[in-house]
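Heads up, the thing below is written out as structure tokens.
Chains as they are written, first to last, in our numbering: chain B, 1161 to 1464; chain Z, 1362 to 1572.
Set out below in structure tokens:
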């Protein structure tokens, strides 16, 4: 009897360990994942909607100087308060968020396009093209990303294109790695042999067999890149290297807010920061749930 | 004639799987190849299908030496040899319907369907309903039927059957072998690889036994 209990206990422990390894620990992980997805999607939905609607309802006020309304704390009239030039921070922050999200979305699309192309070609061709492309990738990765971004942006000051390019250049590498790994596992499958035997060219196999198989992974990495891109853009703007100062952007607002903090204007920093953090957390939550569903391997392997 | 002489092939340096092998496939004749697992039957099949480059030795297709393999050999030469793989599950793209699988060689080589698809799918016993399904919705036997149809859809002059019947039941085996025999009777050279001696005795004109 005692022996049976010991065995049962061991099996229970083993099961728990296996579940933990598989990333589905007991205790309603499914429910928690659904909650995370729901909260993330809801939050992001509200933020995106607000970022679209609010600056559209008050089109000019993000740039409207009003020196009778300078440095007002949050109130019913100005929900987030006003800054040193009397601009309404609520409208300005949401306008900034819109710019950040737009830049991030363009960057994510750019990064997955470049990353998927490089990863698929490197993985599928193998040999010297693979080695050359992967060393190029290592070279990009060897330089600190922010530093590389700063160099690119410093060469072309105050241009939105330069900001986008600098983010794409530093973020395609992760996508390329993931796609290449996937392609490597596909390229020697018998169905590729069958396609070759059926007269398919390499381009045909890449288009019809390989790319559809990695599309899910690529789309997932686009969502994973999104919060990175938001932060990268914010960091560049904060350093005064990103978007031109007259354009509202979370980074620009925070940069202006630094001096206000000394005068007690906490709202200049607090609200834009909270919105920034909420946006990235919401996106990261969605990405993490999608990743767990699409890639049921251990989480650490794909952590970006 | 599809022939290989003095083949040396392997996967790890210094450890050849095949060493000095000769084989000839003549149009209209079926050569059986039997042997225990791991003796290099599939490796030989891959070389003859031009999918694996040998270390040394020569492969000759209809009197012309083949110097390059896989993608590097011309599509015309590649498609003159049909291949049926051992595991149908791995040999088809899981996203494609069986109909797309059977038509894939026609699409890839930009040839038109002159009724061959209907003819072959009927011969292998695939109904219209089955052709609309995806690989995970059919059995191994049904999938292997589609794979044989795919291998024959370009009317190859040679057919390599690498353990074609090892994953399928007796009735499907009978149907597939019957079709391959009729194709061989019409002038196709066939290599039938199997470890089932009794099957090869009934199927092949000539059986090569290794070890």
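Glycine is no exception: its CB is placed at the ideal position from the N, C-alpha and C atoms.
Exercise for the section: Mind the definition here: the segment 1442 to 1453 of chain Z touches the segment 1525 to 1545 of chain Z only if three or more C-beta pairs lie below 8 Å; say whether that holds. Expected result: By the criterion of at least three beta-carbon pairs nearer than 8 Å, the segment 1442 to 1453 of chain Z is in contact with the segment 1525 to 1545 of chain Z.
Practice task
Give the C-beta separation of residue 1312 (chain B) and residue 1267 (chain B) to the nearest angstrom, bearing in mind that I take them to be a contact with Cβ-Cβ under 8 Å.
Solution key: For the purposes of this step, residue 1312 (chain B) is taken as the residue at position 152 of the first chain. For the purposes of this step, residue 1267 (chain B) is taken as the residue at position 107 of the first chain. At roughly 13 Å, the Cβ-Cβ gap does not stay under 8 Å, so residue 1312 (chain B) and residue 1267 (chain B) are not in contact.
Handout entry: N- and C-terminal bounds of the alpha helix (DSSP H) containing residue 1490 (chain Z)
Key = Here the question's residue 1490 (chain Z) lines up with position 129 in the second chain. Unbroken alpha helix (DSSP H) run through residue 1490 (chain Z): 1489 to 1492.
Practice task
Please say whether residue 1351 (chain B) and residue 1452 (chain Z) have beta carbons closer to each other than 8 Å?
Solution key: Here residue 1452 (chain Z) refers to the residue found at position 91 when the second chain is read from its first residue. Here residue 1351 (chain B) refers to the residue found at position 191 when the first chain is read from its first residue. It is a contact, given that the beta carbons lie within the stated cut-off.
Practice task
Helix, strand or coil for residue 1517 (chain Z), going by three-state DSSP, please let me know.
Solution key: Indexing the second chain from 1 puts residue 1517 (chain Z) at position 156. Note: residue 1517 (chain Z) maps to coil in three-state DSSP.
Practice task
List the residues of chain Z whose Cβ lies closer than 7 Å to the Cβ of residue 1351 (chain B), in chain order.
Solution key: Residue mapping note: residue 1351 (chain B) aligns to position 191 of the first chain, counting from 1. What residue 1351 (chain B) touches in chain Z: 1451, 1452, 1453 and 1454.
Practice task
Please name the residues in the segment 1361 to 1388 of chain B whose beta-carbon is closer than 9 Å to at least one beta-carbon of chain Z, in chain order.
Solution key: 1361, 1362, 1364, 1365, 1368, 1369, 1372 and 1373
Practice task
Classify residue 1570 (chain Z) as helix, strand or coil using the three-state DSSP reduction.
Solution key: Start at 1 with the first residue of the second chain, and residue 1570 (chain Z) comes out as number 209. Correct three-state label for residue 1570 (chain Z): strand.
Handout entry: Neighbour list for residue 1504 (chain Z) in chain B, Cβ cutoff strictly below 8 Å
Key = On the second chain, residue 1504 (chain Z) is found 143 positions in, with the first residue counted as 1. None at all; the shortest Cβ gap to chain B is about 11 Å.
Practice task
Look at the alpha carbon of residue 1175 (chain B) and the alpha carbon of residue 1168 (chain B), and state the distance between them as a whole number of angstroms.
Solution key: Mapped onto the first chain, residue 1175 (chain B) falls at position 15. Mapped onto the first chain, residue 1168 (chain B) falls at position 8. Cα to Cα, residue 1175 (chain B) sits roughly 10 Å from residue 1168 (chain B).
Handout entry: CB contact flag (residue 1359 (chain Z), residue 1409 (chain Z), <8 Å)
Key = Outside the modelled stretch of chain Z, which goes from 1362 to 1572, sits residue 1359 (chain Z), for which no answer is possible.
Practice task
Within the same chain, show all residues whose beta-carbon is closer than 7 Å to that of residue 1493 (chain Z), passing over the 5 residues directly before and after it, in chain order.
Solution key: Taking the first residue of the second chain as 1, we reach residue 1493 (chain Z) at position 132. 1458 and 1460.
Problem - DSSP three-state assignment for residue 1308 (chain B), whether helix, strand or coil - result: On the first chain, residue 1308 (chain B) is found 148 positions in, with the first residue counted as 1. Correct three-state label for residue 1308 (chain B): helix.
Practice task
Say whether chain Z places a C-beta atom closer than 8 Å to the C-beta of residue 1446 (chain B).
Solution key: Indexing the first chain from 1 puts residue 1446 (chain B) at position 286. With 8 Å as the cut-off, residue 1446 (chain B) does not count as an interface residue toward chain Z.
Practice task
Leaving out five residues on either side along the sequence, give the residues of the same chain with a beta carbon under 6 Å from the beta carbon of residue 1283 (chain B).
Solution key: Numbered from its first residue, the first chain carries residue 1283 (chain B) at position 123. Within the same chain, residue 1283 (chain B) has close Cβ partners 1340, 1343 and 1344.
Problem - For residue 1437 (chain Z), the nearest candidate out of Z:1570, Z:1517 and Z:1548 (CA to CA) - result: Locating residue 1437 (chain Z) in the second chain gives position 76, counting from the first residue. Checking every option, the nearest Cα to that of residue 1437 (chain Z) belongs to Z:1517.
Exercise for the section: Please report how far the alpha carbon of residue 1436 (chain B) lies from the alpha carbon of residue 1374 (chain B), in whole angstroms. Expected result: Here residue 1436 (chain B) refers to the residue found at position 276 of the first chain. Here residue 1374 (chain B) refers to the residue found at position 214 of the first chain. So the alpha carbons of these two residues sit roughly 31 Å apart.
Handout entry: Any chain Z beta carbon closer than 8 Å to residue 1345 (chain B)
Key = To locate residue 1345 (chain B), count along the first chain from 1; it is residue 185. At least 8 Å separates the CB of residue 1345 (chain B) from every CB of chain Z.
Exercise for the section: State whether the segment 1396 to 1408 of chain Z contacts the segment 1379 to 1388 of chain Z, with contact taken as three or more CB pairs (one from each stretch) at a distance under 8 Å. Expected result: yes
Handout entry: Nearest-angstrom Cα separation, counted from residue 1418 (chain B) out to residue 1449 (chain B)
Key = By 1-based counting over the first chain, the position of residue 1449 (chain B) is 289. By 1-based counting over the first chain, the position of residue 1418 (chain B) is 258. Spanning the two alpha carbons is a distance of roughly 35 Å.
Exercise for the section: Could you pull out every residue in the same chain whose Cβ sits closer than 7 Å to the Cβ of residue 1387 (chain B), ignoring the five residues on either side in sequence? Expected result: Position 227 of the first chain, counting from 1, holds the residue named residue 1387 (chain B). Taken in chain order, the residues that qualify are 1440, 1443 and 1444.
Exercise for the section: Using three-state DSSP, classify residue 1421 (chain Z) as helix, strand or coil. Expected result: For the purposes of this step, residue 1421 (chain Z) is taken as the residue at position 60 of the second chain. In the structure shown, residue 1421 (chain Z) sits in a strand (DSSP, three-state: E or B).
Handout entry: Reduced DSSP secondary structure (H/G/I, E/B, other) of residue 1163 (chain B)
Key = In the first chain, counting from the first residue as 1, residue 1163 (chain B) sits at position 3. In the structure shown, residue 1163 (chain B) sits in a helix (DSSP, three-state: H, G or I).
Handout entry: C-alpha gap between residue 1363 (chain Z) and residue 1291 (chain B), whole angstroms
Key = Mapped onto the second chain, residue 1363 (chain Z) falls at position 2. Mapped onto the first chain, residue 1291 (chain B) falls at position 131. For residue 1363 (chain Z) and residue 1291 (chain B), the distance between alpha carbons rounds to 36 Å.
Handout entry: Sequence-distant residues of its chain with Cβ nearer than 6 Å to residue 1505 (chain Z) (five each side left out)
Key = For this step, residue 1505 (chain Z) is matched to residue 144 along the second chain. So the qualifying residues of the chain are 1449 and 1529.
Problem - Contact the segment 1360 to 1375 of chain B vs the segment 1270 to 1286 of chain B: 3+ CB pairs below 8 Å - result: yes
Problem - Contact with chain Z by residue 1410 (chain B), beta-carbon distance below 8 Å - result: What you label residue 1410 (chain B) is simply residue 250 of the first chain in a count that begins at 1. Judged by the 8 Å Cβ criterion, residue 1410 (chain B) is not in contact with chain Z.
Exercise for the section: Would you mind listing the alpha helix (DSSP H) stretches within the segment 1374 to 1453 of chain Z that are 4+ residues and don't spill past its ends, in chain order? Expected result: 1402 to 1409, 1436 to 1439 and 1449 to 1452
Exercise for the section: State the beta-bridge partners of residue 1553 (chain Z) as determined by DSSP. Expected result: Sequence index remark: in the second chain, residue 1553 (chain Z) carries index 192 (1-based). Residue 1553 (chain Z) is bridged to Z:1393 and Z:1522.
Practice task
If I'm right that residue 1548 (chain Z) touches residue 1426 (chain Z) with Cβ under 8 Å, what's the distance once you round it to whole angstroms?
Solution key: Along the second chain, one-based indexing puts residue 1548 (chain Z) at 187. Along the second chain, one-based indexing puts residue 1426 (chain Z) at 65. Under the criterion of beta carbons closer than 8 Å, residue 1548 (chain Z) and residue 1426 (chain Z) do not qualify as touching, at roughly 23 Å.
Handout entry: 8 Å Cβ cut-off: residues of chain B touching residue 1432 (chain Z)
Key = Residue mapping note: residue 1432 (chain Z) aligns to position 71 of the second chain, counting from 1. Simply 1356, 1361 and 1362.
Exercise for the section: Give the secondary structure of residue 1228 (chain B) by DSSP, where H, G and I count as helix, E and B as strand, and everything else as coil. Expected result: One-based indexing of the first chain puts residue 1228 (chain B) at position 68. In this structure, residue 1228 (chain B) counts as coil in the three-state DSSP scheme.
Exercise for the section: Kindly say whether residue 1526 (chain Z), judged by its beta-carbon, lies nearer than 8 Å to any beta-carbon of chain B. Expected result: Sequence index remark: in the second chain, residue 1526 (chain Z) carries index 165 (1-based). Closer than 8 Å: no.
Problem - Integer Cβ distance of residue 1399 (chain B) from residue 1320 (chain B), believed to fall under 8 Å - result: Locating residue 1399 (chain B) in the first chain gives position 239, where the first residue counts as 1. Locating residue 1320 (chain B) in the first chain gives position 160, where the first residue counts as 1. Between residue 1320 (chain B) and residue 1399 (chain B) the Cβ distance is about 16 Å, and since that is not below 8 Å, they are no contact.
Practice task
Identify the contact partners of residue 1412 (chain Z) in chain B, using a Cβ-Cβ distance below 8 Å as the criterion.
Solution key: Walking along the second chain from the start, residue 1412 (chain Z) turns up at place 51. Ordered by position in chain B, the residues that pass the 8 Å Cβ test against residue 1412 (chain Z) are 1353, 1356 and 1357.
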